[in-house]
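Novice: Taken in sequence, the protein lines are chains A and B. If you read the first sequence in our numbering, its first letter stands for residue 1, the second for the next number, and so on. If you read the second sequence in our numbering, its first letter stands for residue 1, the second for the next number, and so on. So that we are looking at the same thing, I have put the structure below in structure tokens.
2 protein chains.
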Amino acid sequence: MNHSPSHPLEPFKRDIEVIEATLKEHASCLHPLIEEIIQYIILSGGKRIRPVLAVASARLFNDNLSSQIYMLSIVPEYLHAASLLHDDVVDKGELRRGEIPAYKIWGNKKTILSGDYLYATAIKIASDFNNPLIDRTIAMTVQLMAEGEVMQMMRAYDEGYSKEEYYSIIKRKTGALIACSCMIGALFGGADEEMAGNLYEFGLLIGNAFQIVDDLLDYTSDTSTLGKEIGADLKEGKITLPIIYALQSTENEGVKRLRQILKKKDTKEGITSEDIEWVRGFLSATQAIEMAFKEATLLIDKALNSLNAVPRNEMSSRLQRIAKYIIERRY
Amino acid sequence: MNHSPSHPLEPFKRDIEVIEATLKEHASCLHPLIEEIIQYIILSGGKRIRPVLAVASARLFNDNLSSQIYMLSIVPEYLHAASLLHDDVVDKGELRRGEIPAYKIWGNKKTILSGDYLYATAIKIASDFNNPLIDRTIAMTVQLMAEGEVMQMMRAYDEGYSKEEYYSIIKRKTGALIACSCMIGALFGGADEEMAGNLYEFGLLIGNAFQIVDDLLDYTSDTSTLGKEIGADLKEGKITLPIIYALQSTENEGVKRLRQILKKKDTKEGITSEDIEWVRGFLSATQAIEMAFKEATLLIDKALNSLNAVPRNEMSSRLQRIAKYIIERRY
Numbered sequence: 001m002n003h004s005p006s007h008p009l010e011p012f013k014r015d016i017e018v019i020e021a022t023l024k025e026h027a028s029c030l031h032p033l034i035e036e037i038i039q040y041i042i043l044s045g046g047k048r049i050r051p052v053l054a055v056a057s058a059r060l061f062n063d064n065l066s067s068q069i070y071m072l073s074i075v076p077e078y079l080h081a082a083s084l085l086h087d088d089v090v091d092k093g094e095l096r097r098g099e100i101p102a103y104k105i106w107g108n109k110k111t112i113l114s115g116d117y118l119y120a121t122a123i124k125i126a127s128d129f130n131n132p133l134i135d136r137t138i139a140m141t142v143q144l145m146a147e148g149e150v151m152q153m154m155r156a157y158d159e160g161y162s163k164e165e166y167y168s169i170i171k172r173k174t175g176a177l178i179a180c181s182c183m184i185g186a187l188f189g190g191a192d193e194e195m196a197g198n199l200y201e202f203g204l205l206i207g208n209a210f211q212i213v214d215d216l217l218d219y220t221s222d223t224s225t226l227g228k229e230i231g232a233d234l235k236e237g238k239i240t241l242p243i244i245y246a247l248q249s250t251e252n253e254g255v256k257r258l259r260q261i262l263k264k265k266d267t268k269e270g271i272t273s274e275d276i277e278w279v280r281g282f283l284s285a286t287q288a289i290e291m292a293f294k295e296a297t298l299l300i301d302k303a304l305n306s307l308n309a310v311p312r313n314e315m316s317s318r319l320q321r322i323a324k325y326i327i328e329r330r331y
Numbered sequence: 001m002n003h004s005p006s007h008p009l010e011p012f013k014r015d016i017e018v019i020e021a022t023l024k025e026h027a028s029c030l031h032p033l034i035e036e037i038i039q040y041i042i043l044s045g046g047k048r049i050r051p052v053l054a055v056a057s058a059r060l061f062n063d064n065l066s067s068q069i070y071m072l073s074i075v076p077e078y079l080h081a082a083s084l085l086h087d088d089v090v091d092k093g094e095l096r097r098g099e100i101p102a103y104k105i106w107g108n109k110k111t112i113l114s115g116d117y118l119y120a121t122a123i124k125i126a127s128d129f130n131n132p133l134i135d136r137t138i139a140m141t142v143q144l145m146a147e148g149e150v151m152q153m154m155r156a157y158d159e160g161y162s163k164e165e166y167y168s169i170i171k172r173k174t175g176a177l178i179a180c181s182c183m184i185g186a187l188f189g190g191a192d193e194e195m196a197g198n199l200y201e202f203g204l205l206i207g208n209a210f211q212i213v214d215d216l217l218d219y220t221s222d223t224s225t226l227g228k229e230i231g232a233d234l235k236e237g238k239i240t241l242p243i244i245y246a247l248q249s250t251e252n253e254g255v256k257r258l259r260q261i262l263k264k265k266d267t268k269e270g271i272t273s274e275d276i277e278w279v280r281g282f283l284s285a286t287q288a289i290e291m292a293f294k295e296a297t298l299l300i301d302k303a304l305n306s307l308n309a310v311p312r313n314e315m316s317s318r319l320q321r322i323a324k325y326i327i328e329r330r331y
């Protein structure tokens, strides 16, 4: 009999319950406005992948953790929520994963200040652990995230975008926070800086792979599964890995048309649904989708390798499963 | 002969030069957009009171400081600039101290993200000092600042505002960062947590006094000296200490009119220039201005007392002079 494999977060069910309770309890101590926004943006859903990675990375080194790990594990969740809030104001999108974005409910003012408050709260919680390495990891991560936002904003609508630049942005926008989740967990679990660095590397690689897959879904999924408009990235002029590959194709006429479409972002007409349909076809015809997916697979292989140096136990197997799942998901 | 006393920052002339050079050099390593915004918002002027307080508080405990103190001293300057950038977007004012606010030059998007980047950079610089007490002080400060913004936003246009609430907001909006500047300096200089706490207390008191005086100037100064419209706080519905005192006056008719004016903020007409003129007169007639000023003076006395427990040397005298100057300034 062929059992479909269970979700890789399934073994963390009990941990996720404690993470949820910790988030809920902590939010109730904050300003009522912030609690309301946290309710909406954090407590309404989410797989808690970052907190789980922090807990798993800690338990990898110590299977008798103090319950304080759950408090530390919500730090990256708060940082993520804070970045979503500011993204909402900056991007002015219509939907965020199928939900109304925060700025539409609370307005710019409250959304910006709540983002600041969540950033600050995350940093404050982390600082209570009295571990300068944790503080430095968090500080570096927040800086990378902010850099990523700035780089992405300054580079939008520009087709002369290299793979290096793409990586440099996704590392900051996604990889760094997942890497941080693993690293602070490892440090909490007692890993030294070098050993925790392996977990940072692991997180960075799976985070980057996650983003590549996420960017691919913009072209391969459909609106109802994805919870946002298909081709939304393209409409915003966001250049992702499949586009970069397609621009390197030898089909000169197609590349020319793709460049023209990308430039339309700044025109009054904008990028139309027909353009998006054509781009989807071109990405498929030039194997750009396939190549980008292969790249994500390679990153996951590397991530699995980076676990070679860490203790082998139940937790390392679970981390492996999470890594593999990233290239299996379809939404 | 009666010499007018020199400015209390005069003895720090050489330090201020190094602070300026440090800011300039550090900014040049950041993203070009951020450098441009820092040029505008930090390098274009400013008295560097926060960095100077950090340097002075450090030297109070160690007169042979490493030059790293200058790097640490720019942390509160960056935090301050970050908060100004987000304030600009949130307040949507016409002028910020006589200058065009950042959001009008760069737009919301760049201004918000640059603010995030500056917060992150400040936290990152601080974390490089590998001192968990410094990290905790910074984290607590950023949290207090964010809380202050949220509290102020949620409380605007409400005349049922107590003195306790006013203090609770100015502590977060102004006092905390000045307190932080003094405390991290003291920690860098080798003070233990308790001793550094005296400097925190000193900074908090002079910071609060500074804000009271600043709020008073909204009613007592004139537009050209102040670099912003007189009565601007009132127009925004900001309840400051003199208004709180005036609302407690026994002149019932006047209090009634004041309440009516405050409520006009939410009407289409808004608070007019005549309203502002009348409020200025009422604040003066009820001694509200005088009482608020007296309160600032009491805070400065307390601040001077909090220096009793710290070493007495050239630096403690200079800190005393800075404290006294706060209630002498008229713009």
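We treat Cβ as the ideally placed atom computed from N, Cα and C, and that holds for glycine.
Based on DSSP bridge pairs, tell me the residues matched to A/Glu99.
Specialist: Paired residue(s): A/Arg96.
Novice: Can you grab the Cα-Cα spacing for the pair A/His3 / A/Glu290, in whole Å?
Specialist: Note that A/His3 has pLDDT 48, beneath the 50 cutoff, so the model's placement of it is unreliable and no number is given.
Novice: Throw me the rounded Cβ distance for the B/Ala186 and B/Leu60 pair, which I believe falls under 8 Å.
Specialist: With 8 Å as the limit, B/Ala186 and B/Leu60 qualify as a contact, their Cβ atoms being about 7 Å apart.
Novice: Residues in the segment 100–120 of chain B with C-beta within 9 Å of chain A's C-beta atoms, listed in sequence order?
Specialist: So the close ones are Asn108, Lys109, Lys110, Ile112, Leu113, Ser114, Gly115, Asp116, Tyr117, Leu118, Tyr119 and Ala120.
Novice: Could you tell me whether the Cβ atoms of A/Ile184 and A/Gly207 are closer together than 7 Å?
Specialist: No, they are not a contact pair.
Novice: From the DSSP output, in three-state form, read off A/Arg259 for me.
Specialist: Residue state, collapsed to three classes: helix.
Novice: Could you tell me whether any Cβ in chain B is nearer than 7 Å to the Cβ of A/Pro11?
Specialist: Chain B contact via Cβ: absent.
Novice: Check whether the segment 69–86 of chain A and the segment 111–119 of chain A are in contact - that is, three or more C-beta pairs closer than 8 Å.
Specialist: The segment 69–86 of chain A is in contact with the segment 111–119 of chain A.
Novice: Can you give me the Cβ contacts of A/Leu30 inside the same chain, cut-off strictly under 8 Å, excluding the 5 residues immediately before and after it?
Specialist: For A/Leu30, where only same-chain residues beyond five positions count, the Cβ hits under 8 Å are Ile38, Tyr117 and Thr121.
Novice: Between A/Cys180 and A/Ile138, which are expected to be in contact by the criterion C-beta below 8 Å, what is the C-beta distance as a whole number of angstroms?
Specialist: Yes, A/Cys180 and A/Ile138 are in contact; Cβ-Cβ is about 7 Å, under 8 Å.
Novice: Hey, does A/Arg136 have any beta-carbon neighbour from chain B nearer than 7 Å?
Specialist: So yes, A/Arg136 belongs to the interface.
Novice: Report buried or exposed for B/Lys173, applying the criterion of at least 16 other Cβ atoms within 10 angstroms of its Cβ.
Specialist: B/Lys173 should be labelled buried.
Novice: Give a yes or no on whether the minimum CB-CB distance between B/Leu84 and chain A is below 7 Å.
Specialist: Not closer than 7 Å to any Cβ of chain A, the Cβ of B/Leu84 fails to qualify, so no.
Novice: Is DSSP giving A/Thr111 helix, strand or coil here?
Specialist: Helix.
Novice: Measuring only the C-alpha atoms, how far is B/Lys335 from B/Arg96?
Specialist: Because chain B is modelled from 1 through 331, residue 335 of chain B falls outside the range shown and cannot be assessed.
Novice: Does the segment 14–21 of chain B come within contact of the segment 161–170 of chain B, defined as at least 3 CB pairs closer than 8 Å?
Specialist: No: the two stretches stay apart, fewer than three of their Cβ pairs being nearer than 8 Å.
Novice: Going by Cα to Cα distance, which pick from B/Pro242, B/Arg136, B/Leu234 and B/Lys124 is closest to A/Phe129?
Specialist: Answer by Cα proximity: B/Arg136.
Novice: Kindly indicate if chain B contains any beta-carbon less than 7 Å away from that of A/Leu33.
Specialist: Answer yes: the Cβ-Cβ gap between A/Leu33 and chain B drops below 7 Å somewhere.
Novice: Whose C-beta lies closer than 6 Å to the C-beta of A/Asp214 among residues of the same chain, with five residues either side of it excluded?
Specialist: So no residue of the chain qualifies.
Novice: Quick check: the Cα distance between A/Gly98 and A/Asp233, rounded to an integer number of angstroms?
Specialist: Those two C-alpha atoms are separated by around 15 Å.
Novice: Could you work out which residues of chain A lie near B/Pro132, taking near to mean beta carbons separated by less than 8 Å?
Specialist: By Cβ distance, chain A contributes Ser127, Asn130, Asn131, Pro132 and Asp135.
Novice: Starting from the C-beta of B/Lys110, find all residues in its chain whose C-beta is less than 7 Å away, skip the five residues before and the five after it, and write them out in chain order.
Specialist: Once the five neighbours on either side are set aside, the close Cβ partners of B/Lys110 are Leu33.
Novice: Please state the DSSP three-state secondary structure of B/Asn62.
Specialist: Looking at B/Asn62 - three-state DSSP - the assignment turns out to be coil, as it is neither helix nor strand.
Novice: Looking only at its own chain, which residues have a Cβ that is under 7 Å from the Cβ of B/Asn108, when we skip the five neighbours before and after it?
Specialist: Excluding positions up to five away in sequence, the list reads Val89.
Novice: A/Lys124 touches chain B at which residues, Cβ-Cβ below 9 Å?
Specialist: Going along chain B in sequence order, the residues near A/Lys124 (Cβ under 9 Å) are Arg136, Ala139, Met140, Val142 and Gln143.
Novice: Do B/Ile261 and B/Gly231 count as a contact pair if the criterion is CB distance below 7 Å?
Specialist: No, the pair does not count as a contact, with Cβ atoms beyond the cut-off.
Novice: Please report the distance separating the alpha-carbon of B/Gly237 from that of B/Met145.
Specialist: About 20 Å.
Novice: Run the CB neighbour count on A/Gly45, radius 10 Å, all protein chains shown included, and call it buried at 16 or more, exposed below.
Specialist: So A/Gly45 ends up on the exposed side.
Novice: Chain A partners of B/Met71, CB-CB under 8 Å?
Specialist: Going along chain A, no residue has its Cβ under 8 Å from B/Met71, so there is no contact; the nearest lies around 14 Å.
Novice: Got a sec: does the ligand FAD put a non-hydrogen atom nearer than 6 Å to the Cβ of B/Ser273?
Specialist: As for the ligand FAD, it is missing from this structure, which has no ligand bound.
Novice: State yes or no: is the C-beta of B/Ala420 within less than 7 Å of the C-beta of B/Ile212?
Specialist: Residue 420 of chain B lies beyond the stretch modelled for chain B, which goes from 1 to 331, so this question has no answer here.
Novice: Measuring only the C-alpha atoms, how far is B/Glu253 from B/Ala246?
Specialist: Answer to the nearest angstrom: the Cα atoms are 12 Å apart.
Novice: So, does the CB of B/Ala179 fall closer than 7 Å to a CB anywhere in chain A?
Specialist: It does not; no Cβ of chain A falls within 7 Å.
Novice: Of all Cβ atoms in chain A, is any one closer than 7 Å to the Cβ of B/Ala146?
Specialist: At least one chain A Cβ lies under 7 Å of B/Ala146.
Novice: Along chain B, in chain order, which residues have C-beta atoms closer than 9 Å to that of A/Met183?
Specialist: Chain B residues near A/Met183: none, gap ~14 Å exceeds 9 Å.
Novice: Which same chain residues, not among the five before or five after A/Pro71, have their C-beta less than 7 Å away from its C-beta?
Specialist: A quick correction: the sequence has Met, not Pro, at residue 71 of chain A. Thr22 and Ile125.
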